[in-house]
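Numbering (my numbering), first residue to last: -1 to 447.
Just so it is clear, CB atoms sit at the ideal spot from N, CA and C, and this is done for glycine as well.
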Ligand code: SF4
Ligand code: SF4
């Protein structure tokens, strides 16, 4: 047998009972350790394994990926996965912003709402671009609708989606679509038409109980948007029979919202607990920058442990309303570093980082081209390459315990646009990964009972 070493990707933590856990971020295995083994792991990360007599123990650790052959370079597996995702040519991923206007005035919003809308010319040129691409290059088309509030342009989105579905079918390309919306305009008729046009996955933000939601996310003309959104969601749950869609209800929790979270979770469980198409996603209100955040700095949740304890309590109350997969994924790659990923705005400008679309100071660096009236994407290739290729050495990602989870993230904003000297994600992702390990253990124990 080849000499073994400890994996570089063993994350060590303690659960709420002070039991030691080892979580391998590459294989996703988690296991409890006694104190002696915990210290052994802690003091020998990435080092040669020696002095362990129990063959059964070594076999178990090896099967879980906690120890690996000495010559095995685990980072290559991650690098390969990143390469497939970032530089693969099978899929065209587009985020389309049909407007920067919004019907809400959320207190933490980082966007500037200037009431620009995509017109029919804009719609036609984007459809021409997609039509041309589907004829030649791709096997899959993924479209994400974002804004502003995308459903302020619902007629346009439904028309575009129907046409994309038709073009995809004609060219034998798989097509699926997602929308991030506040849900206010998502009445049953609109939802039915969107589902028909393959818009199947939704992220809807509802900030907990009525009083908090209506204060934190005020509608511009309706002081009780909570009622309308809840009505839309219950109408969908009761009347739409297909299982093809999923709705994540994202709850942005401020310091003030946390204490009322379970009132909302119980209501959610009552209404959607038996509907597996609906999931509850608690998230902290973060400092997303922008013009308003200074006014609400005291509401920002900086302690990720609070969110963990919410998931833990949901797990203990067997609510079954969370999407555990979402939680485990820890971080995802946005379209910015993708070779075939673009953000198209209402004017047909091509952006990379979605957050920087609304920040004037980064506009020049972030916009790499434009779609012309003939549907041709004119891109500054040199600028694009400068943004999407990465320097993996910059944050020493290959040696970071989180590398298999975040894949070296390559946040174009951090590494290229503002050139952050240190990884801005490590602390938060580390806490998230430790939470994931603890929740996995909790769930395993629950199943064993
Ligand atoms: S981006 Fe940050 S958290 Fe991710 S692997 Fe690199 S250093 Fe670690
Ligand atoms: S800030 Fe980074 S991770 Fe977020 S959208 Fe921009 S490039 Fe992607």
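What do you get for residue 323, buried or exposed, if any count of 16 or more other CB atoms within 10 angstroms of its CB means buried? Note that residue 323 scores a pLDDT of 48, beneath 50, so its modelled location is shaky; the value from the coordinates is reported in the next line. Flag for residue 323 reads exposed.
Tell me the DSSP bridge mates of residue 46? 3
Less than 7 angstroms separating the Cβ of residue 415 from some heavy atom of ligand 1? no
If I'm right that residue 198 touches residue 174 with Cβ under 8 angstroms, what's the distance once you round it to whole angstroms? 6 angstroms
Reference residue 84; option with closest CA among 433, 249, 410 and 428: 410
Does the beta-carbon of residue 352, which I'm using as the reference point, lie nearer than 7 angstroms to any heavy atom of ligand 4? Ligand 4 is absent from the structure shown, which contains only ligand 1 and ligand 2.
Alpha carbon to alpha carbon, how far is residue 139 from residue 90? Give it in angstroms, no decimals. 5 angstroms
Per-residue DSSP class, three states only, for residue 449: In the structure as shown, the chain begins at -1 and stops at 447. Residue 449 is therefore absent and cannot be evaluated.
What does DSSP give as the partner residue(s) for residue 90 in the beta ladder? 139
Who are the Cβ neighbours of residue 395 in its own chain at under 7 angstroms, not counting the five residues just before and after it? 401 and 406
For residue 268, count the other beta carbons within 10 Å of its own beta carbon; 16 or more makes it buried, fewer makes it exposed. Which is it? exposed
Beta-bridge pairing of residue 373 - partner residues as DSSP gives them: Answer is none; residue 373 lacks a bridge partner.
Through-space distance from residue 153 to residue 72, alpha-carbon basis: 49 angstroms
Nearest-angstrom Cα distance between residue 230 and residue 79? 39 angstroms
Have a look at 339, 359 and 378 and flag the residue whose alpha-carbon is nearest the alpha-carbon of residue 86. 339
List the DSSP bridge partners of residue 250. 281
Hey, quick one: how far does the beta strand (DSSP E) through residue 177 stretch, first residue to last? 172 to 179
What residue from 42, 246, 180 and 347 has the CA that sits closest to residue 101's CA? 180
Contiguous beta strand (DSSP E) assignments of at least 3 residues, all confined to the region 10 to 66: 18 to 22 and 28 to 31
Three-state secondary structure assigned by DSSP to residue 130: helix
Backbone secondary structure at residue 324 - three-state DSSP: Only weak support exists for where residue 324 lies, its pLDDT of 49 falling under 50; the value from the coordinates is given anyway. In this structure, residue 324 counts as helix in the three-state DSSP scheme.
Would you kindly check if the distance between the Cβ of residue 171 and the Cβ of residue 136 is under 8 angstroms? yes
Answer with buried or exposed for residue 380, where buried requires no fewer than 16 other C-beta atoms within 10 angstroms of its C-beta. exposed
Are the region 119 to 126 and the region 363 to 383 touching, with three or more C-beta to C-beta distances below 8 angstroms? yes
Pull up the DSSP beta-bridge partners for residue 210, would you. Per DSSP, none; premise fails for residue 210.
Between 250, 130, 309 and 187, which lies nearest to residue 165 when the distance is taken from Cα to Cα? 130
I need the DSSP call for residue 114, collapsed to helix, strand or coil. coil
If you run the structure through DSSP and keep just helix, strand and coil, what is residue 145? coil
Would you mind giving the Cβ-Cβ distance between residue 283 and residue 252, rounded to the nearest angstrom? I have them listed as a contact below 8 angstroms. 4 angstroms
Shortest alpha-carbon distance to residue 150 belongs to which of 442, 27, 114 and 74? 114
Determine the contact status of residue 248 and residue 188, defining contact as a CB-CB distance below 8 angstroms. no
Is it the case that the Cβ atoms of residue 351 and residue 393 are separated by a distance below 8 angstroms? no
Between residue 84 and ligand 2, is there a pair consisting of the residue's CB and a ligand heavy atom that are separated by less than 7 angstroms? no
Express the C-alpha separation of residue 266 and residue 417 in angstroms, rounding to a whole number. 42 angstroms
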